[in-house]
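Colleague: Dropping the structure in here first, questions after.
Numbering (my numbering), first residue to last: 1 to 117.
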């Protein structure tokens, strides 16, 4: 991931509703959620949800697919992994062990998401 892509992803997450949507989708894993359930859980209307999901998708952080008459959304695991890697690649001047369990925890979560796909 280059710096421009990281800024785009971070900008997409720098909004209360988009961050809430992203965190909700992270909890769901690769099975994702329908748009209606996301809107209900986050507490926003369909129009606002559509706008926020488009921003997250343009940043490479979520994707969607048709599931019968519904549209489901889930996190884009690779996009999340690339962002986390970009943010931590130079962690602690080449000594990631100084970051404690944070990096290991993020790596294990990303690995579980990919295996589930």
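Here a beta-carbon is modelled for each residue, glycine too, at the ideal position from N, C-alpha and C.
Please list the segments of the beta strand (DSSP E) lying wholly inside the region 9 to 89, counting only runs of 3 or more residues, in order along the chain.
Modeller: With a minimum length of 3 residues, the continuous beta strand (DSSP E) runs that stay inside the region 9 to 89 are 62 to 67, 70 to 75.
Colleague: Please classify residue 3: does DSSP put it in a helix, a strand, or coil?
Modeller: Reduced to three states, the DSSP call for residue 3 is helix.
Colleague: May I have the straight-line CA-CA distance separating residue 35 from residue 10, to the nearest angstrom?
Modeller: Their Cα atoms are separated by approximately 22 Å.
Colleague: Drop a sphere of 10 angstroms on the beta-carbon of residue 72, count the other beta-carbons inside from all chains shown, and report buried for 16 or more, exposed for fewer.
Modeller: Buried, since its Cβ has 16 or more Cβ neighbours within 10 Å.
Colleague: Apply the 10 Å Cβ neighbour rule to residue 116 and answer buried if 16 or more other Cβ atoms are within range, or exposed otherwise.
Modeller: Because the pLDDT of residue 116 is 46, which lies under 50, any placement of that residue in the model is unreliable, and the number read from its coordinates should be weighed accordingly. Residue 116 is exposed by the Cβ-count criterion.
Colleague: If we call anything under 9 Å between Cβ atoms a contact, is residue 83 one with residue 56?
Modeller: Not closer than 9 Å, so no.
Colleague: Out of 86, 52, 45, state which residue places its alpha-carbon closest to the alpha-carbon of residue 7.
Modeller: The shortest C-alpha separation from residue 7 is found at 86.
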